[in-house]
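All letters in the sequence shown, in the order written, are residues 725 to 1341 by our numbering.
Data block below; observations after.
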Amino acid sequence: MTAFDQIQQLIKKQKSFLLEAGAGSGKTFTLIQTIDYVLSTKGKDLKFNNRLIACITYTNVAKNEIIDRLENNPQVAVLTIHEFLWGLIKNFQKQLIIELDILNELMAQKKPDRFQPGLLTRVALTEVIYEDSGYRDFEKGQLHHDDVISLAAQMIKNYEILRNIVVAKYPYIFIDEYQDTAEETAISLIDDLLNKNQNELLLGFFGDSHQKIYDTGVGALDSFVLDKKLEFVTKSENYRSSVAVIGLLNNIRKNITQVAPPGKEIEKGSVAFINCDNYPSQGAMRITAYEQSLVELKNSNYDSLISHLENIGWQFGENSKDKVLIIANRRVAERAKFSNLYRITSTRYGESANEALMKRENVLVRFFVGSLDKKTTRERKNGIEHLIAYWKEKDYNGIITFLKTYGVGDKQHNKGQQAGSFHLKRHSDKIAIAEQIEKLEAIRETGTVKQVMDFVVENKIVKMQEGLQKYIAKLEILPENIEDEEKRNRQLRDLQFFNDMMSVPYIEFINLFKHTQNQTVFSTKHGTKGEQYRNVLVVIDDTSWRQMYNFQNFINDKEENEQRKLRTKNLFYVSCSRAMKNLVILALSEFETDALNVISQWFPSDRIFSISDISDI
């Protein structure tokens, strides 16, 4: 019985379910099949009673793809998670204001430097608003993306009338990429909404727990399956990868055994593991000095392998069919041409540099290259480079939406219009905007970061987020006026970081943006979920991100930190599962005997190489 057959049976029995679908399994196709099945069997009743099927996604790209596949069916509400949740609660303004006050109290306890208690004693709120802008101002009733997640969970839990309205409107709710769902949202949907309305509501979760690569998503929903709140369905086909790659994936994960689907042209493919065992012994050197001494040799090992792969037909040009997947470290920063940004960020933040730079958690970085939603880990197109991308693509609707959302000016909530530098009412306004963006585009190519920031601020093109405003204001405090030594030293480090960043050629931010958008031959392994390439080289180095990942300890099963073990396993699985034909793993940090013994069980014996033997690949 196929996964879809099982799902049909569960729907007939009014049983909510979880579909665990491995990489390349055609999960979205099964989601569409499921919705079509409900439409064909329940569509008339739903239409008669003015009820809808809800399909929740996490990106507008996925949303639009599903809408297209469903031919824009009006009986299916395809919404992003924030659209869905805000749509549920936005009309409950009285309750929203109460819950916002409670949320503010919690935030004031966690971050007293950013939030003041007693919100409703200080301001008379009449409305709570959410405009998908990424900005938060509780005193004006304005919510951030994260606040929508938190408030919706609290309100679904606390208000029976809301739960009844939701179930009456959406008797079927299907969630795509469930592993990225915020934990509080998953708990809210299952424990508060489903548990109290099992006869009236059916939930379907579609995704893969092994493709959770951020800490913010719920990941697995095993506890709900064990408690019989969800029925477990697996989808074992892999339409993407070759036989060799599928075999390796089945060694990495154990809850699904994938197979090539019947009728698919069989691609044998290959996998290979390369161990860099040509490093001198550490001797009496300190670990930091020893690792630094290996940098040139590691670069040489990497370059030798790239050269060999190109000689046997791999292509690493821009937009090529082959890809290098590598954790963002100095090596990839140098090759992707943002090495100064990485060096400066590493000096200030140490091992947290990857979070500050690649995950764009630093407020200064976010201003230029946008941000990731912390709870859904999805791209927020709110950086200067996103505006330029719209301009280059001639996406004028995108430009107008960006400027209305992130441009300078106050919102006139009663009219829903943007007041400020860009009114967008006359043709002359649009010409003025075009001239400013053209100037900005030119300055980016030749100017420094400071020159670009000054131009954007002086011409009121993009509004600084509150966090960046406070960050810059704080930098104006003279270190000598700070009594506490630790705070004074932190201020000195922050000043040095800011000044160094301002002096970097802005072209490095352009290169960083291309890298985060997967537009170069190099990719952080974080940015590849859902992508596929003909041949893939995965580069791992346990010295690059020691606190977050340890591939050797995961493979030899010696990892004691369960969170790091899970994070490493999922990232390794996602990386390897991008390959359609051939996959090569390069271990730049030398693997020891125990780990190599496991590797010998995962890879064919003739596909494990020393770095000195790569000519045999």
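The beta carbon of each residue, even a glycine, is placed where N, CA and C say it ideally should be.
How should residue i be labelled, buried or exposed, when 16 other C-beta atoms within 10 angstroms of its C-beta is the threshold for buried?
i            : result
residue 910  : buried
residue 931  : buried
residue 1143 : Annotation note: pLDDT 39 at residue 1143 (below 50); position unreliable, coordinate value reported separately. It is exposed - the Cβ of residue 1143 has fewer than 16 other Cβ atoms within 10 Å.
residue 1155 : exposed
residue 1250 : Confidence at residue 1250 is low in this model, with a pLDDT of 47, below 50, so the placement of that residue should be treated as unreliable; the coordinate-derived value is given next. By the 10 Å Cβ count, residue 1250 comes out buried.
residue 1119 : exposed
residue 772  : exposed
residue 1011 : exposed
residue 1169 : exposed
residue 1136 : For residue 1136, the predicted model reports a pLDDT of 41, less than 50, meaning its position is unreliable and no value from the coordinates is stated.
residue 1376 : The structure shown does not extend to residue 1376, since the chain is modelled only from 725 to 1341, so the question has no answer here.
residue 1325 : exposed
residue 1200 : exposed
residue 850  : exposed
Measuring only the C-alpha atoms, how far is residue i from residue j?
i            : j            : result
residue 1224 : residue 1237 : 19 Å
residue 768  : residue 792  : 21 Å
residue 912  : residue 926  : 14 Å
residue 1177 : residue 783  : 29 Å
residue 1299 : residue 935  : 10 Å
residue 1072 : residue 1221 : 6 Å
residue 1139 : residue 1153 : Caution applies to residue 1139, whose pLDDT of 41 falls short of 50 and renders its modelled position unreliable; the value that the coordinates give is listed next. Computed Cα separation, rounded: 19 Å.
residue 1297 : residue 977  : 8 Å
residue 844  : residue 819  : 13 Å
residue 1216 : residue 834  : 26 Å
residue 1343 : residue 1267 : As shown, the chain starts at 725 and ends at 1341. That puts residue 1343 outside it, with no answer to give.
residue 923  : residue 898  : 16 Å
residue 1195 : residue 730  : 54 Å
residue 865  : residue 1104 : 21 Å
residue 1305 : residue 763  : 37 Å
residue 1145 : residue 870  : In this prediction, residue 1145 has a pLDDT of 46, which is less than 50 and means its spatial position is unreliable; what the coordinates show is noted afterwards. One C-alpha to the other measures close to 28 Å.
residue 1180 : residue 884  : 48 Å
residue 1050 : residue 1262 : 6 Å
residue 1038 : residue 1020 : 24 Å
residue 1330 : residue 1074 : 39 Å
residue 1134 : residue 1187 : Bear in mind that a pLDDT of 44 at residue 1134, under 50, signals an unreliable position, so the number given afterwards is only what the model happens to contain. Rounded to whole angstroms, residue 1134 to residue 1187 spans 10 Å at the Cα level.
residue 873  : residue 1003 : 49 Å
residue 838  : residue 856  : 21 Å
residue 1191 : residue 1070 : 21 Å
residue 1059 : residue 1185 : 31 Å
residue 996  : residue 1014 : 28 Å
Where do the ends of the beta strand (DSSP E) carrying residue i lie?
i            : result
residue 996  : 994 to 999
residue 1261 : 1257 to 1264
residue 754  : Not the beta strand (DSSP E): residue 754 falls in the alpha helix (DSSP H), residues 751 to 772.
residue 1306 : 1303 to 1311
residue 804  : 800 to 804
residue 1197 : Per DSSP, residue 1197 belongs to no beta strand (DSSP E); it is in the alpha helix (DSSP H), 1190 to 1199.
residue 743  : 741 to 745
residue 956  : 955 to 959
Residue i and residue j: beta carbons closer than 8 Å?
i            : j            : result
residue 852  : residue 863  : no
residue 743  : residue 1056 : no
residue 980  : residue 960  : yes
residue 1032 : residue 1338 : yes
residue 1234 : residue 1085 : no
residue 1314 : residue 975  : no
residue 1112 : residue 1165 : yes
residue 681  : residue 917  : Past the boundaries of the shown model lies residue 681; the chain is included only from 725 to 1341, so the question cannot be answered.
residue 1334 : residue 1001 : yes
residue 982  : residue 746  : yes
residue 1062 : residue 1239 : yes
residue 802  : residue 814  : no
residue 886  : residue 929  : no
residue 972  : residue 1307 : yes
residue 1065 : residue 741  : no
residue 894  : residue 1029 : no
Where do the ends of the alpha helix (DSSP H) carrying residue i lie?
i            : result
residue 1108 : 1108 to 1116
residue 1127 : 1120 to 1130
residue 893  : 884 to 893
residue 1166 : 1151 to 1170
residue 832  : 817 to 834
residue 1173 : 1173 to 1182
residue 1026 : 1019 to 1035
residue 1317 : 1317 to 1326
Decide yes or no for the touch test of the region 992 to 1002 against the region 959 to 976: beta carbon pairs closer than 8 Å, at least 3 of them. Contact between the region 992 to 1002 and the region 959 to 976 is present, because at least three Cβ pairs lie under 8 Å.
Decide if the region 1255 to 1270 is in contact with the region 1203 to 1219; the criterion is three or more beta carbon pairs, one per stretch, under 8 Å apart. The region 1255 to 1270 is not in contact with the region 1203 to 1219.
Would you check if the region 1264 to 1279 and the region 1316 to 1325 touch, i.e. whether three or more CB-CB distances between them fall below 8 Å? With a cut-off of 8 Å on Cβ pairs, the region 1316 to 1325 is in contact with the region 1264 to 1279, counting three or more such pairs.
With a threshold of 8 Å, are at least 3 pairs of Cβ atoms found where one atom belongs to the region 773 to 788 and the other to the region 800 to 818? Touching, yes, given that three or more Cβ pairs across the two stretches are closer than 8 Å.
Please confirm if the region 822 to 832 is in contact with the region 864 to 880, defined as three or more CB-CB distances below 8 Å between the two stretches. A contact exists between the region 822 to 832 and the region 864 to 880.
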